[in-house]
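Student: Here it is: the structure, laid out below.
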Amino acid sequence: MFCPMKCYDLTNKSKQWITSEVRAASIELRDLYWLHRLLLETQDSLRQYRTLKLTYRVLLNNAKRKFNDKILCNSTNINGSVWKIVNRETGRKKMQ
Numbered sequence: 000m001f002c003p004m005k006c007y008d009l010t011n012k013s014k015q016w017i018t019s020e021v022r023a024a025s026i027e028l029r030d031l032y033w034l035h036r037l038l039l040e041t042q043d044s045l046r047q048y049r050t051l052k053l054t055y056r057v058l059l060n061n062a063k064r065k066f067n068d069k070i071l072c073n074s075t076n077i078n079g080s081v082w083k084i085v086n087r088e089t090g091r092k093k094m095q
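Rendered as structure tokens:
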């Protein structure tokens, strides 16, 4: 007896605000973390990692803000769109 193969969609539709800049910065931050953790372990590399981490957080917040602004600008029902954004960011689900 065989189990049927399942197909999964690997694209995550809930994080449409992720851009190529965010992906590149994430990879760079991850590489610098492992470089510091495994090889260097100096104060200079730790300082460099922390500054890159701070700029990455700023980049994330700006990307989210731009995406939300684009949604609001293209919306016909601004109040409904604002509440959708708030509920999505706070993790609330719509009650049925």
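Numbering follows numbering that gives the first Met the number 0, with no gaps: position 41 of the sequence shown is 40. Every residue, glycine too, gets a C-beta built ideally from N, C-alpha and C.
1) Would you call alanine 24 buried or exposed, if buried means 16 or more other Cβ atoms sit within 10 Å of its Cβ?
2) Taking Cβ to Cβ, would you say leucine 28 is nearer than 8 Å to tyrosine 55?
3) What number of angstroms, rounded off, separates the C-alpha of arginine 49 from the C-alpha of arginine 91?
4) Within its chain, find whatever has a CB closer than 6 Å to the CB of glutamine 95; leave out the 5 residues flanking it on each side and keep chain order.
5) Considering glutamate 27, what are the terminal residues of the alpha helix (DSSP H) in which it resides?
Tutor: Result, derived from the coordinates:
1) Residue 24 sits at position 25 when you count from the first residue of the sequence shown. Buried, since its Cβ has 16 or more Cβ neighbours within 10 Å.
2) Along the sequence shown, one-based indexing puts residue 28 at 29. Along the sequence shown, one-based indexing puts residue 55 at 56. For leucine 28 and tyrosine 55, yes; Cβs fall inside 8 Å.
3) Residue 49 sits at position 50 when you count from the first residue of the sequence shown. Residue 91 sits at position 92 when you count from the first residue of the sequence shown. Going by the C-alpha atoms only, they are around 32 Å apart.
4) As a working note, residue 95 is residue 96 in the sequence shown. Any reading at glutamine 95 must be qualified, since the residue scores a pLDDT of 48, below 50, and its modelled position is unreliable; the value itself is stated next. None.
5) For the purposes of this step, residue 27 is taken as residue 28 along the sequence shown, with counting starting at 1. Counting along the chain, the alpha helix (DSSP H) containing glutamate 27 begins and ends at 19-33.
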